[in-house]
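What follows is a short report on a single structure.
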Amino acid sequence: MESIYSSDQILLHTPKIYTESPRIRMSYLYVWHSVPVNKSKRPFLTDAEHHVFVKDGVGIYQGKLKIKHYQNGRVYLTNKRIIYLDSANPPRAVAVNLSDIVDAEYVDRFLRLSPKVKVYLKVQATSSVKESLPHSVSEPNVVLAQPEVVDWVCGICSFNNHMSTQINLATQLPKCVSCGIPPSREQLQDVLDTVSRLGKDSESSKSSDTDPDQCPKCTFINHPSMRFCEVCGAPLKQASKSLLRKIKESERNVRTSNPLGLVLEDSEIYTNNSPYVKISFRRGGDADFYKHLREIIDKNKWEALEAKGGVSGDATRVVPTRETTPKVQSRGIQGLVKIGELQRKQNELVLSLSLEDLEQLMDKAKEILELTSSFGSLIKKAPVPIISMSPLTVSPTLSIYHQELAQHMCEYLLTYVLTKPSSMITTQDLFASYNRFSVMSQGFGGDLVTTQNFQKCLLYLDTLQLPVKLKTFQSGLVVITQRLHDLQDLHQVISDYLAAEENRFMYEKYTSELLADSDGYMKDVYKFFHGKTVAEIADHFGWSSTICVEELARCMDDGLVVLDKHILGTFYFLNRFDPILAEKIDNETAVKLKAQKDVLSQQKTISSELKSQQESNQQLLAFDNFDFGTQQGSHTSSEDIQSSNSAGRDEPVSATLSLLDGLKF
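What follows is the structure in structure tokens.
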């Protein structure tokens, strides 16, 4: 025997009944779609999407029945979707688009039943029910016959106008759409008589092989469900009821009923046959979720109404008029009491009006900010890094705040800080950089993370099994690094870096000697390898100096690195006393031969470039004695040419050309 009470009957207001038909057999599980999850176990957001509300301890229903394996998770309300993220299996995340939602209702707590929010789906339930029943009531668009439309030609502008055959010419006379001049009543009556006479003749002589979907004017074959021709716009004959029903059923069956394979406890059951989804809140937060959801739905409806032109541009907000304080006519104690009451009411009115003025002032401030931002393109300023992460919108008073903060901080680390396997950051630097990032993304009005909340969220890195972890050095320094980070691999990276720097120094030294760079500065620089300082190593790996000192101390304990400490500072080298590590240093003879080959190839390249440049200069000098555009140049004597050549030889050679004397190419 069923209980006389149900969770759907304890509502905040009267439920909306969308249909009054029998039970719908169609499945509405197709509204759910999967959502990808990032490494921080948070759902990926689409463009222009941001979080509005987050709450854990949530289960989802399809109608009156629970969806199996989706009863303990977290709900994310964004400006575009309602996302459910399961706690046991985060990749199993599903969502419903707010564009598929038509309304929402609040279901209050009753006895042991948790409060719920019922979300009605935006589907054409009435038409679906009528199509699914074999003996349903006939549809109006199938039964009612459409009036026939005829054409008449304007005698002034020759424009082809349309007119219904059911028009009453005695009371109304149509005008030309182009010029606006009405025709004579006799002309229109002749058109109607001609059309009626031709219609009877065509019905009597109509053949059986004519396509019923063919347009009577342009002979274009349209789809059976079309009411007007797609080419000329002429009205078409109505298709039969059975054909329209088959077309709609075929279109409805194309849609996949359950693409995610969701499993219910039983077949789908809906109250009043209105398809809906319920979200059960077992740990509170139902009222705030319903409030934000209602605001988003109303906002979307208002924007849709504005897009359709349903709101006038001159519309203004209705403001209640201010009532004057009535005068007290009575005297004595009763008059004093009334005066006190009126004074309190006046104070309440002043406070309420001041708050309204404050809201208007804030609206004006927003307009000023928008105006200043419009001039931002005209002002040159330093480039600001693009913020691609959605801000954290969870209130610090909620129980899931520290978990969401840990996940959001993990996403920030993987996106901006821990970009390499060897990247690390101290907790102090993370605290400062994360708050700086919050100011850049949310502005100075956003809430900064306190030290207490920061310490608590660090404890959830291991609890939530996030891809980052805490690492503590022997000195007590705590850093955050990737979970795949390995100490031995990092020590190997440091030793390889020191060996590569020493090999590079050796190569540059021999190259400098072969190029005869023998000034005093170069000799002092390449006299011997000076090693690497803490600042140079930290800058190469992107660490802070404290992290670099700790890692170098570990390498020294393992015998991979040695140091040289003197008055100029502390310098670190690869431990060449170890024969295995010494093999990482290249042989000097091989490095010297490689440097010689590289220098020779560079010299050959330079010589070939100089040769080609010299040949081009010689070709230009060959035309110095030729007079272009004159006939006398062709009859010059050989003596003149010899004299000119001898004169050219007597001229002194430039200093630049004298340097090329003796070269053989």
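Following the UniProt record's numbering, the numbering of the sequence shown begins with 1 at its first residue and continues without gaps.
All C-beta atoms in this analysis are idealised placements derived from N, C-alpha and C, irrespective of residue type, glycine included.
Pair within 8 angstroms by beta-carbon distance, His-402 and Lys-469: Position 402 of the sequence shown, counted from the start, is the residue given in the question as residue 402. Position 469 of the sequence shown, counted from the start, is the residue given in the question as residue 469. The answer is no: Cβ separation not under 8 angstroms.
Distance between beta carbons of Ser-164 and Val-149, contact taken as under 8 angstroms: Here the question's residue 149 lines up with position 149 in the sequence shown. Here the question's residue 164 lines up with position 164 in the sequence shown. Confirmed, about 6 angstroms.
Per DSSP, His-223 forms a beta bridge with which residues? In the sequence shown, the residue the question calls residue 223 occupies position 223. Answer is none; His-223 lacks a bridge partner.
Please report the straight-line C-alpha distance between Val-107 and Lys-118, rounded to a whole angstrom. As a first step, residue 107 must be located in the sequence shown, where it is residue number 107. As a first step, residue 118 must be located in the sequence shown, where it is residue number 118. Cα to Cα, Val-107 sits roughly 7 angstroms from Lys-118.
Does Lys-604 pass the burial test, meaning 16 or more other C-beta atoms within 10 Å, or should it be called exposed? Here residue 604 is taken as the residue at index 604 of the sequence shown, counted from 1. Lys-604 should be labelled exposed.
Among residues of its own chain, excluding the 5 on either side of Thr-511, which ones have a beta-carbon nearer than 6 angstroms to its beta-carbon? Walking along the sequence shown from the start, residue 511 turns up at place 511. So the qualifying residues of the chain are Ala-595.
Segment contact flag, the region 59 to 72 with the region 418 to 438, C-beta cutoff 8 angstroms, min 3 pairs: no
CB Val-263 to CB Leu-121, shorter than 8 angstroms? Counting from 1 along the sequence shown, the entry for residue 263 is found at position 263. Counting from 1 along the sequence shown, the entry for residue 121 is found at position 121. Cβ atoms of Val-263 and Leu-121: not closer than 8 angstroms.
By Cβ distance below 8 angstroms, which residues in the same chain neighbour Val-350 in space, the five residues on each side in sequence not counted? Locating residue 350 in the sequence shown gives position 350, where the first residue counts as 1. No residues qualify anywhere along the chain.
Quick check on DSSP: helix, strand or coil for Trp-152? Taking the first residue of the sequence shown as 1, we reach residue 152 at position 152. Strand.
Quick one: give me the first and last residue of the alpha helix (DSSP H) that Arg-576 is part of. Within the sequence shown, numbered from 1, the residue matching residue 576 stands at position 576. Neither: Arg-576 is in no alpha helix (DSSP H) and is coded neither H nor E.
Cross-strand partners of Lys-471 (DSSP beta bridge): In the sequence shown, the residue the question calls residue 471 occupies position 471. Paired residues: Val-479.
Under 8 angstroms, do Gln-482 and Leu-418 count as touching if we go by C-beta distance? To locate residue 482, count along the sequence shown from 1; it is residue 482. To locate residue 418, count along the sequence shown from 1; it is residue 418. For Gln-482 and Leu-418, yes; Cβs fall inside 8 angstroms.
From which residue to which residue does the alpha helix (DSSP H) around Thr-463 run? Residue mapping note: residue 463 aligns to position 463 of the sequence shown, counting from 1. Run containing Thr-463: 451 to 463, per the alpha helix (DSSP H) assignment.
When DSSP builds the beta bridges, which residues end up paired with Tyr-270? Along the sequence shown, read from residue 1 onward, the residue named residue 270 stands at position 270. According to DSSP, Tyr-270 bridges with nothing at all.
Within this structure, are the beta carbons of Ser-545 and Val-561 separated by less than 8 angstroms? In the sequence shown, residue 545 corresponds to position 545, counting from 1. In the sequence shown, residue 561 corresponds to position 561, counting from 1. Contact: no.
Close beta carbons around Gln-71, own chain, < 6 angstroms, minus the five adjacent residues each side: For the purposes of this step, residue 71 is identified with residue 71 of the sequence shown, where counting begins at 1. Result list for Gln-71: Gly-59, in chain order.
Spatial distance of Lys-217 from Cys-229 (CA atoms): On the sequence shown, residue 217 is found 217 positions in, with the first residue counted as 1. On the sequence shown, residue 229 is found 229 positions in, with the first residue counted as 1. Near 9 angstroms, if we compare the C-alpha coordinates of Cys-229 and Lys-217.
For Cys-157, does the count of other Cβ atoms within 10 angstroms reach 16, so buried, or fall short, so exposed? Start at 1 with the first residue of the sequence shown, and residue 157 comes out as number 157. Per the 10 Å Cβ criterion, exposed.
List the residues that DSSP assigns as beta-bridge partners of Arg-81. As a first step, residue 81 must be located in the sequence shown, where it is residue number 81. Answer is Asn-97.
Backbone secondary structure at Val-52 - three-state DSSP: The sequence position of residue 52 within the sequence shown is 52, counting from 1. Strand, per DSSP.
Distance between Glu-356 and Lys-345 (C-alpha atoms, nearest Å): Position 345 of the sequence shown holds residue 345. Position 356 of the sequence shown holds residue 356. Cα to Cα, the separation comes out at about 17 angstroms.
Starting from the Cα of Leu-293, find the closest Cα among Ile-480, Ile-101, Ser-354 and give me that residue. As a first step, residue 293 must be located in the sequence shown, where it is residue number 293. Ranking the options by Cα distance to Leu-293, first place goes to Ile-101.
Delimiting residues of the alpha helix (DSSP H) encompassing Leu-560: Position 560 of the sequence shown, counted from the first residue, corresponds to residue 560. Leu-560 -> no alpha helix (DSSP H), and no H or E assigned at all.
Alpha carbon of Asn-258 to alpha carbon of Thr-219, nearest angstrom: In the sequence shown, the residue the question calls residue 258 occupies position 258. In the sequence shown, the residue the question calls residue 219 occupies position 219. Those two C-alpha atoms are separated by around 42 angstroms.
Say whether the region 75 to 87 touches the region 38 to 48, bearing in mind that this needs 3 or more beta-carbon pairs closer than 8 angstroms, one atom from each stretch. yes
Check whether the region 492 to 511 and the region 574 to 581 are in contact - that is, three or more C-beta pairs closer than 8 angstroms. yes
Where Tyr-61 sits in the DSSP three-state scheme: Reading the sequence shown from its first residue, position 61 is the one you call residue 61. DSSP places Tyr-61 in strand when its eight states are reduced to three.
What are the boundary residues of the beta strand (DSSP E) that includes Val-277? As a working mapping, residue 277 is identified with position 277 in the sequence shown. Note, Val-277: beta strand (DSSP E), 276 to 281.
Inter-residue Cα distance where the pair is Glu-265 and Lys-68: Position 265 of the sequence shown holds residue 265. Position 68 of the sequence shown holds residue 68. Those two C-alpha atoms are separated by around 7 angstroms.
Could you work out which residue in Asp-56, Ala-88, Pro-91 is closest to Arg-74 when comparing CA atoms only? Here residue 74 is taken as the residue at index 74 of the sequence shown, counted from 1. Residue Asp-56 is the option with its Cα nearest to Arg-74.
Using CA coordinates, which residue listed in Arg-185, Asn-161, Ile-181, Asp-489 is at the minimum distance from Val-171? Taking the first residue of the sequence shown as 1, we reach residue 171 at position 171. Inspection of the sequence shows that residue 171 is occupied by Thr rather than by Val. For the residues Arg-185, Asn-161, Ile-181, Asp-489, the minimum Cα distance to Thr-171 belongs to Arg-185.
Let me check you understand the geometry: is the CB of Arg-185 closer than 7 angstroms to at least one non-hydrogen atom of the ligand SAM? Ligands are entirely absent from the displayed structure, and the ligand SAM is therefore not among its contents.
Which one or two residues does DSSP pair with Ala-88 in a beta bridge? Your numbering for residue 88 matches position 88 in the sequence shown. Paired residues: none, contrary to the question.
Answer yes or no: do Phe-53 and Phe-289 have a C-beta to C-beta separation smaller than 8 angstroms? The sequence position of residue 53 within the sequence shown is 53, counting from 1. The sequence position of residue 289 within the sequence shown is 289, counting from 1. Yes; because the gap between Cβ atoms is below 8 angstroms, this pair is in contact.
Is the distance from the Cβ of Pro-90 to the Cβ of Val-37 below 8 angstroms? Stepping through the sequence shown from its first residue, residue 90 is reached at position 90. Stepping through the sequence shown from its first residue, residue 37 is reached at position 37. In contact: Pro-90 and Val-37 (Cβ atoms closer than 8 angstroms).
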